[in-house]
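*Asks:*
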Amino acid sequence: MSRLAVGTTLRITRSRIISLKAQAPAPTPCSRPPVRQIHMSLPARRPQPAQSSQSSRSKSTPPDNDPMAQRSYRSAFILQTINYVLSGLLAMGVGYGICAITYPPPVITTLAPSEFSKEYHSKNQPVYGNREDYMQAIKELKTLFAGEDGRVSTDAEDLETHGVSDWSYHEEKRPTVVVWVKSTEEVQRIVLIAQKWRVPITPFAGGTSLEGHFSNPYGGISLDLSLMDKIIRISEADGDATVQPGVKWEDLNAYLAQKGVPLFFPLDPGPGATIGGMVGTGCSGTNAVRYGTAKAEWFLNLTVVLPTGEVIKTRSEARKSSAGWDATKLFIGAEGTLGIVTEATLRLAPLLPTKVAVVTFKGVEEAVRAATEVVNAGFPVQCIEFLDARTMNAINLNGSLAKKYNEEPSLFIKFQGSDSAMSDVAKEVQVLVKKHGGANFSFSKNDKEAQELWQGRKAALWSVLALKDGARVWTTDVCVPISKLPRLVEETTEDFDKRGIIACHFGHVGDGNVHSLALFSNDTELEIVKEGVHEMVHRAIRLGGTCTGEHGVGIGKVEYLEEELGEGTVGLMETVKRTIDPLNIFNPGKIYPNIKPSRRG
């Protein structure tokens, strides 16, 4: 330890001891036993007579002409210095001991927020209004939209279409009333009515969700946003667009192409999906390997109506901001449980020419290894999709495409770049996939061929129905680390086969996201399918994955959330929900497993 460090430590220790002496309170029955004070002092020097001003040499200093005295003096000086240093170190140790006793290290107690959360929720569950309250709310809604025919409906057919999906077989409940809105102000007024009468609100837009997102387990208001379908602003200079939540992503891209704007919105979930629903589920699509998901920076700003009726904008329209945490992301993936999005500013991407390659493999593992190497090699990949052999068979059986495909596990790859650059890419990729057993390599030479090759991927969903006459299909998704994808697909295929269920698997191999489609013809088979899906989700979580890669939680996946995220994380999410929406009027029954409302009467 340096002299400077020792000196500094001694000064700090001495000041700490003095401070402790001055501030120490009198002992109390429950206070710590008094610290034994340790005092150190050196023997006092005897007073010396004043030196004469004429004498410049101390009496203790030996004469210069006495070598023996000089050596004795130096030895004594060294011994005295060592004594001071050792005394200082001793004082420092004592001081540290006193500080350690007086200020013991904090005892870190691990709290159990999940237990607190569950206890709190069990004692403070939200309660909705009774039938009379619901009827009063409907009466006020009809008054609000008086003179506007069809904006408020209790018609049985409207209630059916706003509570039941053709693509979801979860428990689905109809709303009490449907209201079509056209503006943020109308949404705000409806929220205030719902809050007044304790009536829940469930947002509805495209109606394409697969996990029961727009089911109404407690009745209430279905808030239809499909009429809010205006493209408010396009800025080519800023590379963004502002739209209402009812705009479909396909319509937005078609509008950009029609106007000659060389940009597009790259998130591409299923056909018919709207911007509002895409925000709610945190969607992605086939372009995810290149452009990411909705939880990336594609939504710059949202206009949101909160459960209090307050309207907020989540951030500025700048491309980046470090002004606090990003409130926009609070609502992405929240499925309308925290706020209702009425406007969104989207970031657009340059529209680049693309080419398509298709290649087959002997098995899933070979296909996944090849896909991983293609992506990691830095090729300009926009999409890389995996289709299993059964899906390829279904595409051929469907017969809607002129092209016939090889019925083996296949990769469909979309590359970005100019024709000249793509020529070299095709050669290099063909060599690379061949190392993994890739065969039947096809690469489009022009846009027409690219569209024809890609049609196989687009037709996969509908083609699966050709595998079983009169069948219905259960569609779900999970996502795992890419290296675990072969095991997931192989074990899930084997499991469904043992159950006697035809199931196909395809998806976004570039990020480990797989879609499973299971066919059934009756209620008995439906129950078997549910068991198979249940096991597939558990399998994905065991492999370090998620119960949903892009479809969202809804009511279909809520039971798996604590298994995947842990009780503490789910408890934190529930705390945020209860803080923003204490009455739980926004989209109840979704995401939060421990919030279980009831109805009065």
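Letter 459 of the sequence shown, counting from 1, is numbered 459 in the UniProt record's numbering, and no numbers are missing. Where is the CB? At the ideal position from N, CA and C, for every residue including glycine. From a predicted model like this one, the values you see are computed outputs, not experimental measurements.
(1) Which of helix, strand or coil does DSSP assign to asparagine 584?
(2) Should glycine 510 and histidine 213 be called a contact, given that it needs their Cβ atoms to be closer than 8 angstroms?
(3) Thinking just about the alpha-carbon of each residue, which of Met228, Ser316, Leu144, Thr546 is nearest to the one in alanine 194?
(4) Are the Cβ atoms of proline 486 and glutamate 567 separated by less than 8 angstroms?
(5) Based on Cα-Cα distance, which residue from Leu565, Glu494, Glu525, Gly554 lies nearest to methionine 536?
(6) With respect to the beta strand (DSSP E) encompassing glutamate 416, which residues constitute its N-terminal and C-terminal limits?
(7) When you compare only the Cα positions, how much space is there between phenylalanine 441 and arginine 290?
(8) Please report how far the alpha carbon of cysteine 479 lies from the alpha carbon of lysine 139, in whole angstroms.
(9) Would you report the Cα separation of valine 576 and methionine 422, rounded to the nearest angstrom?
(10) Buried or exposed for alanine 450, please, with buried defined as at least 16 other CB atoms from any protein chain shown within 10 angstroms of its CB.
(11) Answer yes if the stretch 238–258 comes into contact with the stretch 418–433, meaning at least three C-beta pairs across the two stretches below 8 angstroms, and no otherwise.
(12) Taking 8 angstroms as the threshold (C-beta atoms), are threonine 274 and valine 247 in contact?
(13) Can you tell me the Cα-Cα spacing of tryptophan 180 and methionine 228, whole angstroms?
(14) Using 8 angstroms as the threshold, is the stretch 366–380 in touch with the stretch 432–441, meaning 3 or more CB pairs across them?
(15) Any idea if aspartate 424 is buried or exposed, counting beta-carbon neighbours within 10 angstroms, 16 or more meaning buried?
(16) Once DSSP output is grouped into helix, strand and coil, what is the label at aspartate 268?
(17) Excluding the five sequence neighbours on either side, which residues of its own chain have a C-beta within less than 7 angstroms of the C-beta of glutamate 563, listed in chain order?
(18) Roughly how many angstroms separate the alpha carbons of serine 165 and aspartate 268, rounded to a whole number?
(19) Count the other CB atoms, across all protein chains shown, that sit within 10 Å of the CB of threonine 524; report buried if there are 16 or more and exposed otherwise.
(20) Who are residue 609's beta bridge partners in DSSP?
(21) Can you tell me whether arginine 315 is buried or exposed, with buried defined as 16 or more other CB within 10 angstroms of its CB?
(22) Just the C-alpha distance for valine 529 and leucine 543, rounded to the nearest angstrom, thanks.
(23) How would you call asparagine 130, buried or exposed, if buried means at least 16 neighbouring beta carbons within 10 angstroms?
(24) Please return the same chain residues whose Cβ sits closer than 8 angstroms to the Cβ of valine 558, not counting the five positions on each side in sequence.
(25) Identify which residue in Arg151, Thr176, Gly150, Glu172 has its Cα closest to the Cα of tyrosine 134.
(26) Rounded to whole angstroms, what is the Cα-Cα separation between leucine 453 and serine 168?
(27) Determine the direct distance from the alpha carbon of alanine 402 to that of threonine 308, and round the result to whole angstroms.
(28) If you count every other CB in all the chains shown that lies within 10 Å of the CB of alanine 156, and 16 or more means buried, which is it?
(29) Sort Ile501, Leu330, Glu408, Leu432 by Cα distance to alanine 377 and report the nearest one.
(30) Buried or exposed: tryptophan 249, going by 16 or more other Cβ atoms within 10 Å of its Cβ?
(31) Check whether the Cβ atoms of glycine 260 and alanine 205 sit closer than 8 angstroms, and answer yes or no.
(32) Return the CA-CA distance between residue 606 and histidine 508, expressed in angstroms with no decimal places.
(33) Report all residues from its chain with a CB closer than 6 angstroms to the CB of leucine 252; omit the five preceding and five following residues, and keep chain order.
(34) Classify leucine 387 as buried or exposed, calling it buried when 16 or more other Cβ atoms lie within 10 Å of its own Cβ.
(35) So which of Thr184, Leu572, Ile501 has the shortest CA-CA distance to glutamate 310?
(36) By DSSP, does lysine 445 sit in helix, in strand, or in coil?
*Replies:* So, from the data block:
(1) Within the sequence shown, the letter at position 584 stands for residue 584. It is coil, neither helix nor strand.
(2) Translated into the one-based positions of the sequence shown, residue 510 becomes position 510. Translated into the one-based positions of the sequence shown, residue 213 becomes position 213. Their beta carbons are not under 8 angstroms apart, which means glycine 510 does not touch histidine 213 by this criterion.
(3) Taking the sequence shown and counting its residues from 1, one reaches residue 194 at position 194. For the residues Met228, Ser316, Leu144, Thr546, the minimum Cα distance to alanine 194 belongs to Leu144.
(4) Within the sequence shown, the letter at position 486 stands for residue 486. Within the sequence shown, the letter at position 567 stands for residue 567. Going by beta carbons, proline 486 and glutamate 567 fall outside the 8 angstroms limit.
(5) Along the sequence shown, read from residue 1 onward, the residue named residue 536 stands at position 536. Across the set Leu565, Glu494, Glu525, Gly554, the C-alpha of Glu494 shows the shortest separation from the C-alpha of methionine 536.
(6) Counted from its first residue, the sequence shown places residue 416 at position 416. First, the residue type needs correcting, since residue 416 is glutamine and not glutamate in the sequence shown. Glutamine 416: member of the beta strand (DSSP E) spanning 410–416, first to last residue.
(7) One-based indexing of the sequence shown puts residue 441 at position 441. One-based indexing of the sequence shown puts residue 290 at position 290. Roughly 22 angstroms separates the two Cα atoms.
(8) In the sequence shown, the residue the question calls residue 479 occupies position 479. In the sequence shown, the residue the question calls residue 139 occupies position 139. The alpha-carbon atoms of cysteine 479 and lysine 139 are separated by roughly 45 angstroms.
(9) Counted from its first residue, the sequence shown places residue 576 at position 576. Counted from its first residue, the sequence shown places residue 422 at position 422. The alpha-carbon atoms of valine 576 and methionine 422 are separated by roughly 49 angstroms.
(10) Here residue 450 corresponds to residue number 450 of the sequence shown, with the count starting at 1. Alanine 450 comes out buried.
(11) A contact between stretches requires three or more CB pairs, one per stretch, nearer than 8 angstroms, and the stretch 418–433 fails this requirement with the stretch 238–258.
(12) Here residue 247 refers to the residue found at position 247 of the sequence shown. Here residue 274 refers to the residue found at position 274 of the sequence shown. Contact: yes.
(13) Residue 180 sits at position 180 when you count from the first residue of the sequence shown. Residue 228 sits at position 228 when you count from the first residue of the sequence shown. Each residue's alpha carbon lies about 9 angstroms from the other.
(14) Taking a contact to require three or more Cβ pairs closer than 8 angstroms, the stretch 366–380 and the stretch 432–441 qualify as touching.
(15) To locate residue 424, count along the sequence shown from 1; it is residue 424. Taking a 10 Å sphere around the C-beta of aspartate 424, we find fewer than 16 other C-beta atoms and assign the residue as exposed.
(16) Taking the first residue of the sequence shown as 1, we reach residue 268 at position 268. Looking at aspartate 268 - three-state DSSP - the assignment turns out to be coil, as it is neither helix nor strand.
(17) Position 563 of the sequence shown, counted from the start, is the residue given in the question as residue 563. Apart from the 5 residues on each side of it in sequence, glutamate 563 sits with its Cβ closer than 7 angstroms to the Cβ of Ile541 in its chain, given in chain order.
(18) Residue 165 sits at position 165 when you count from the first residue of the sequence shown. Residue 268 sits at position 268 when you count from the first residue of the sequence shown. Rounded to the nearest angstrom, the two C-alpha atoms are 21 angstroms apart.
(19) Sequence index remark: in the sequence shown, residue 524 carries index 524 (1-based). Answer is exposed; the Cβ neighbour count stays below 16.
(20) This structure cannot speak to residue 609, because the chain is shown only from 1 to 601.
(21) Here residue 315 refers to the residue found at position 315 when the sequence shown is read from its first residue. Under this definition arginine 315 is a buried residue.
(22) The residue you call residue 529 lines up with position 529 of the sequence shown. The residue you call residue 543 lines up with position 543 of the sequence shown. Valine 529 and leucine 543 have their C-alpha atoms some 21 angstroms from each other.
(23) As a first step, residue 130 is located in the sequence shown; it is residue number 130 there, counting from the start. It is exposed - the Cβ of asparagine 130 has fewer than 16 other Cβ atoms within 10 Å.
(24) Translated into the one-based positions of the sequence shown, residue 558 becomes position 558. So the qualifying residues of the chain are Gly589, Lys590, Ile591, Tyr592, Pro593.
(25) By one-based count along the sequence shown, residue 134 stands at place 134. That would be Thr176, whose Cα lies nearest to the Cα of tyrosine 134.
(26) In the sequence shown, residue 453 corresponds to position 453, counting from 1. In the sequence shown, residue 168 corresponds to position 168, counting from 1. Distance between the alpha carbons of leucine 453 and serine 168 is about 30 angstroms.
(27) Sequence index remark: in the sequence shown, residue 308 carries index 308 (1-based). Sequence index remark: in the sequence shown, residue 402 carries index 402 (1-based). Their backbone Cα atoms lie some 55 angstroms apart in a straight line.
(28) As a first step, residue 156 is located in the sequence shown; it is residue number 156 there, counting from the start. Residue burial annotation: alanine 156 is exposed, with fewer than 16 other C-beta atoms found within 10 angstroms of its C-beta.
(29) Residue mapping note: residue 377 aligns to position 377 of the sequence shown, counting from 1. It is Leu432.
(30) Taking the sequence shown and counting its residues from 1, the one referred to as residue 249 is at position 249. By the Cβ-count criterion, tryptophan 249 is buried, with 16 or more other Cβ atoms from all chains shown falling within 10 Å of its own Cβ.
(31) Position 260 of the sequence shown, counted from the start, is the residue given in the question as residue 260. Position 205 of the sequence shown, counted from the start, is the residue given in the question as residue 205. Against a cut-off of 8 angstroms, the Cβ pair of alanine 205 and glycine 260 comes out as no contact.
(32) Limits of the chain in this structure are 1 at one end and 601 at the other, which puts residue 606 out of reach.
(33) Residue numbering aside, residue 252 sits at position 252 when the sequence shown is read from its first letter. Answer for leucine 252: Phe265, listed in chain order.
(34) Taking the sequence shown and counting its residues from 1, the one referred to as residue 387 is at position 387. Label assigned to leucine 387: buried.
(35) What you label residue 310 is simply residue 310 of the sequence shown in a count that begins at 1. Out of Thr184, Leu572, Ile501, Thr184 has the C-alpha closest to the C-alpha of glutamate 310.
(36) Within the sequence shown, residue 445 is the residue found at index 445, counting from 1. Residue state, collapsed to three classes: coil.
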